[in-house]
Structures are given as structure tokens and as C-alpha cells.
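This is the structure in C-alpha cells:
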């Protein structure tokens, strides 16, 4: 199982639909400061069910919706879709690909779906946790966490 693609629409700095296609193995996100690298990682955490705004470097959850610029109006919703290759069958669904989506509206309403079928956050969490992926399995390591480990004293 591997992350096959990530689609962001109206998520933080990604106002337009942006699709990232990934291959098996190590994936590195590179770019200059301010280009949205951290927002890509935030999008993954968010679609996997992050509930605390701080988990996606925000003050309040609707901060993840594109806020607009001097040239573009703010958007009313954002959507992230994470597509996993499931040819290994690790996810207990009869599908070679599994897409998990989350939509957030400015009203605060949030919707989840698995392969286009509306579901609850709990359904997403159960599907992924059976394969060892999810919020509690620490699949996302932030830059700050790496710095803390590298700078830790032996007694820490």
C-alpha cells in the first residue's frame, strides 16, 4: 500500500485544484520557503481526520479554507482527497485503489467519504487503523519533531 495521489482544492494556499501523483518508495517534497510544502503535509493529516486546528498549524479549523488574496476572493469550502494503492489488499475493501476525502465548509460542516460514498470520520479511522495508518500511528513526522529529537540531550 502506498499513497498514490493527493488532490487539494481550496486547502490553505492551494486555491486551485492541485493533483500530486506519487510513486512507491520515498517521496520528498521540495521547494522554496512559502511554496506550500508544509501545507501538503497538513493536508494529509487533515484528510486522515485531524480535529485540532493546531494539528494543521491553524488557529481555528476553517483557517484551512483558502482565505483569499488581493486578487482572489476567499473560498467557501476546501476539499482534500488522498488515494491509496490497495493492490496489496491491506485495506479491507474490494478495490485496487481507495480514496478518502474530506470537505469542510465555512459553516463548520465537515463531510467524509470513502471511494465517493459518504461516511463518518470513525469509518475512515477504522479502515485505516486496520492497516496501521492513522492519527495514532505517527505516520507524519513534522520538521519540529525532527529538530527536537536531533537537539535532545541524552537525559531527555
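Numbering (our numbering), first residue to last: 36 to 191. The beta-carbon is built from N, C-alpha and C at its ideal position, and this holds for glycine as well.
task = With a floor of 4 residues, list each alpha helix (DSSP H) that falls wholly inside the segment 57 to 134, ordered by position along the chain.
result = 72 to 82
inquiry  = If you measure between the beta carbons of residue 196 and residue 64, is that distance less than 7 Å?
reply    = Outside the shown range of the chain (36 to 191) lies residue 196, about which nothing can therefore be said.
query = Among 86, 39, 56 and 113, which has the Cα closest to the Cα of residue 48?
reply = Within the chain shown, the letter at position 13 stands for residue 48. Closest by alpha carbon: 113.
query = Would you call the CB atoms of residue 150 and residue 164 closer than 7 Å?
reply = Residue mapping note: residue 150 aligns to position 115 of the chain shown, counting from 1. Residue mapping note: residue 164 aligns to position 129 of the chain shown, counting from 1. No; because the gap between Cβ atoms is not below 7 Å, this pair is not in contact.
key: For residue 93 and residue 99, believed in contact at Cβ under 8 Å, the rounded distance   = By one-based count along the chain shown, residue 99 stands at place 64. By one-based count along the chain shown, residue 93 stands at place 58. That belief holds up - the Cβ atoms of residue 99 and residue 93 are roughly 6 Å apart, short of 8 Å.
key: Per DSSP, cross-strand counterpart(s) of residue 137   = Along the chain shown, read from residue 1 onward, the residue named residue 137 stands at position 102. According to DSSP, residue 137 bridges with 115 and 147.
key: Residue range of the unbroken alpha helix (DSSP H) whose run includes residue 164   = Translated into the one-based positions of the chain shown, residue 164 becomes position 129. Unbroken alpha helix (DSSP H) run through residue 164: 156 to 164.
request  = Please name the residue in 37, 69 and 73 whose C-alpha comes closest to that of residue 61.
outcome  = Within the chain shown, numbered from 1, the residue matching residue 61 stands at position 26. Looking at the Cα atoms, 37 is the closest of the given residues.
Cβ-based burial, residue 116 [other Cβ within 10 Å; buried from 16] = As a first step, residue 116 is located in the chain shown; it is residue number 81 there, counting from the start. By the 10 Å Cβ count, residue 116 comes out buried.
ask   = Looking at residue 108 and residue 121, is the spacing between their C-beta atoms short of 7 Å?
value = Here residue 121 corresponds to residue number 86 of the chain shown, with the count starting at 1. Here residue 108 corresponds to residue number 73 of the chain shown, with the count starting at 1. In this structure, residue 108 does not lie closer than 7 Å to residue 121 by Cβ.
inquiry  = Cutting at 6 Å between CB atoms, please list the residues of its own chain near residue 172, excluding the five before and the five after it.
reply    = Translated into the one-based positions of the chain shown, residue 172 becomes position 137. At residue 172 the pLDDT is 47, less than 50, meaning the model places this residue with poor confidence; the figure from the coordinates comes in the next sentence. So no residue of the chain qualifies.
key: Boundaries of the beta strand (DSSP E) in which residue 52 is found, first to last residue   = In the chain shown, the residue the question calls residue 52 occupies position 17. Residue 52 -> no beta strand (DSSP E), and no H or E assigned at all.
Identified DSSP bridge partners for residue 44 = As a position in the chain shown, residue 44 is number 9, starting the count at 1. Answer is 114.
query = Are residue 111 and residue 137 close, meaning C-beta to C-beta below 7 Å?
reply = For the purposes of this step, residue 111 is identified with residue 76 of the chain shown, where counting begins at 1. For the purposes of this step, residue 137 is identified with residue 102 of the chain shown, where counting begins at 1. Contact flag unset, no.
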